[in-house]
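Numbering (this note's numbering), first residue to last: -16 to 80.
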């Protein structure tokens, strides 16, 4: 199977707290993946890296590849990121997010 997401040696430190340490991950086309772990284990940090919101520690030599061979997946990224941010309701009588 073709690898569509490859992460090598990913490390991230926040204020001397190591959130990720030498993470390796390969996801192949057609696979379904779930990230499980306790609070503070780095799940959200990994997803932020994959979405490009943050970068890994430079000293770790980390590398992330999002392979664009699947044009439909590549086209879906802007739609996914647009839906990720909450927006206020447009109705004047609904003030919830």
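C-beta: ideal position from N, C-alpha, C; glycine also.
Source: prediction; values computed, not measured.
Supposed close pair residue i, residue j - CB separation, criterion 8 Å
i: residue 3; j: residue -14; result: Not confirmed; about 20 Å, so no contact.
i: residue -8; j: residue 46; result: 7 Å
i: residue 16; j: residue -10; result: Not quite, the Cβ-Cβ distance comes to about 11 Å (not below 8 Å), so this is no contact.
Assigned exposure category for residue i - 16 Cβ within 10 Å defines buried
i: residue -5; result: buried
Contacts around residue i, its chain only, beta-carbon distance under 7 Å, and the 5 residues preceding and following it disregarded
i: residue 40; result: -6, -5 and -4
i: residue 12; result: -16, -15, -13 and 53
i: residue 20; result: 26
Same chain only: Cβ atoms within 8 Å of residue i, ignoring 5 sequence neighbours per side
i: residue 9; result: -14, -12, -11 and -10
i: residue 37; result: -5, 28 and 31
DSSP three-state assignment for residue i, whether helix, strand or coil
i: residue 37; result: coil
Cβ neighbours of residue i in the same chain (closer than 6 Å, five flanking residues each side left out)
i: residue -2; result: none
i: residue 18; result: 26
i: residue 43; result: -8 and -6
Original post:
Going along the chain, which unbroken runs of the beta strand (DSSP E) with 3 or more residues stay wholly within the region -4 to 34?
Top reply: The region -4 to 34 contains these whole beta strand (DSSP E) runs: 0 to 11.
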